[in-house]
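Visitor:
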Ligand SMILES: [Zn+2]
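Structure (structure tokens):
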């Protein structure tokens, strides 16, 4: 980890210090209404990762050009880490769970979800359902933090694609390009998650409506069971895309992200989803887009453009 450690900046202000509540300098939650469905986007923090992860099939000069155009540093890139809480039909649904405890990878600025849920007045015991877009540790780790399971309902339902649970029985890492240490940490975290929460799992094949207007749909690509959550109510729509789309994916949808287990399929999934969202104008939120990550997609020549919504205070 030494190579990465040198690239990680220490916490800079109170917004990154792990504290929550009124003393946080930057707000960590943002609410959106989709018809009758309430959506709360909560930041789990940020993950600094080497910039090669943005597109390991791209030429170094092209990556450098994109980072330069975005006024971003060339060495490490802070990935946002967004989690979504959805309320519909009396159910309270947590979509993904953030990183949780740092699994020896020196990622101290992530893993804020539990305290930020508390700061938002969300009791863990009120969560009726969890949806997992996939079982990478930055999406399941929050449930493995000490004391969390005891505070969750004993009848909590955790929805995931059957293909995802099967994949982690013998995961294939032959097409990824992750920093050292990550594959072992991902394997170990998924294994521990399945052991601790296996009895809560409600597996679906391709699509499942778990609450009124709340549909989880398997896309594959990023992982075989990767899924997106599509919300629709009273003519309004919002898609939580998980890891189907990254910040660089609008301009360069064909760049392979280092965490994609089937990068070619992941690029096809991304392009199809972006085309669909550009055509229907629905709102998009994704795990690793800059917080609060609410926007729309426009077509821009052969690629796409991210159009953030104007914040509604
Ligand atoms: Zn992720």
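Numbering (this note's numbering), first residue to last: 104 to 416.
Ideal placement from N, C-alpha and C gives every residue a C-beta, glycine not left out.
Since residue 137 and residue 340 are thought to touch, with beta carbons under 8 Å apart, how far apart are those beta carbons, to the nearest angstrom?
Guide: Rounded, the Cβ-Cβ distance is 7 Å, consistent with contact.
Visitor: Within 9 Å (strictly less), CB to CB, does residue 128 reach chain D?
Guide: Any reference to chain D falls outside this structure, which holds one protein chain only.
Visitor: Given that a residue counts as buried once 16 or more other Cβ atoms are within 10 Å of its Cβ, and exposed if not, what is residue 277?
Guide: Counting Cβ neighbours within 10 Å, residue 277 comes out exposed, since fewer than 16 surround it.
Visitor: Quick one: Cα of residue 345 to Cα of residue 221, how far?
Guide: Computed Cα separation, rounded: 23 Å.
Visitor: Among all residues, which have a Cβ less than 7 Å from at least one non-hydrogen atom of ligand 1, and in what chain order do they fall?
Guide: Here the residues come out as 239, 241, 242, 346, 362, 390 and 391.
Visitor: For residue 158 and residue 175, what's the separation of their Cα atoms in angstroms?
Guide: When rounded, the distance between both Cα atoms is 15 Å.
Visitor: Which residue wins for smallest C-alpha separation from residue 192, given the options 316, 415 and 333?
Guide: The residue with the shortest Cα to Cα distance from residue 192 is 316.
Visitor: I think residue 407 touches residue 381, with their Cβ atoms under 8 Å apart; what is that distance to the nearest whole Å?
Guide: The pair is a contact, with the Cβ atoms about 6 Å apart (cut-off 8 Å).
Visitor: Would you check if the stretch 152-172 and the stretch 356-363 touch, i.e. whether three or more CB-CB distances between them fall below 8 Å?
Guide: Counting Cβ pairs under 8 Å, three or more are found: they touch.
Visitor: Have a look at residue 115 and residue 150 and give me their C-alpha separation to the nearest angstrom.
Guide: Low confidence applies to residue 115: its pLDDT is 41, below 50, so where it sits in the model is not reliable enough to give any reading.
Visitor: Looking at the structure shown, is residue 182 part of a helix, part of a strand, or coil, going by DSSP?
Guide: Reduced to three states, the DSSP call for residue 182 is strand.
Visitor: Residue 306 and residue 265: beta carbons closer than 9 Å?
Guide: Cβ distance < 9 Å, so residue 306 and residue 265 count as in contact.
Visitor: By DSSP, does residue 195 sit in helix, in strand, or in coil?
Guide: Residue 195 falls in the strand class under three-state DSSP.
Visitor: Looking at the structure shown, is residue 385 part of a helix, part of a strand, or coil, going by DSSP?
Guide: Coil.
Visitor: Go to residue 262, then tell me how far its beta strand (DSSP E) extends in each direction, as first and last residue.
Guide: It spans 260-264 - the beta strand (DSSP E) in which residue 262 sits, taken as one unbroken run.
Visitor: Would you mind stating whether residue 269 and residue 328 have Cβ atoms separated by less than 9 Å?
Guide: Going by C-beta atoms, residue 269 is nearer than 9 Å to residue 328.
Visitor: Please state the DSSP three-state secondary structure of residue 401.
Guide: Note: residue 401 maps to strand in three-state DSSP.
Visitor: What residue range does the alpha helix (DSSP H) around residue 134 cover?
Guide: Here residue 134 belongs to no alpha helix (DSSP H); instead the beta strand (DSSP E) covers 132-137.
Visitor: Quick one: what does DSSP say residue 270 is sitting in, helix, strand or coil?
Guide: The answer is helix: DSSP assigns residue 270 an H, G or I state.
Visitor: So, using beta-carbon positions, are residue 139 and residue 337 closer together than 9 Å?
Guide: Yes, Cβ-Cβ distance for residue 139 and residue 337 is below 9 Å.
Visitor: Can you tell me where the alpha helix (DSSP H) holding residue 254 begins and where it ends?
Guide: Looking at the DSSP string, the run of the alpha helix (DSSP H) that includes residue 254 is 251-254.
Visitor: Per DSSP, residue 188 forms a beta bridge with which residues?
Guide: According to DSSP, which records beta bridges pairwise, residue 188 is partnered with 143 and 197.
Visitor: Assuming the contact rule is C-beta atoms closer than 8 Å, residue 202 and residue 250 should be a hit. Round their C-beta distance to whole Å, please.
Guide: That pair is no contact at about 16 Å.
Visitor: How many Å lie between residue 388 and residue 144 at the Cα?
Guide: Approximately 9 Å, taken between the alpha carbons.
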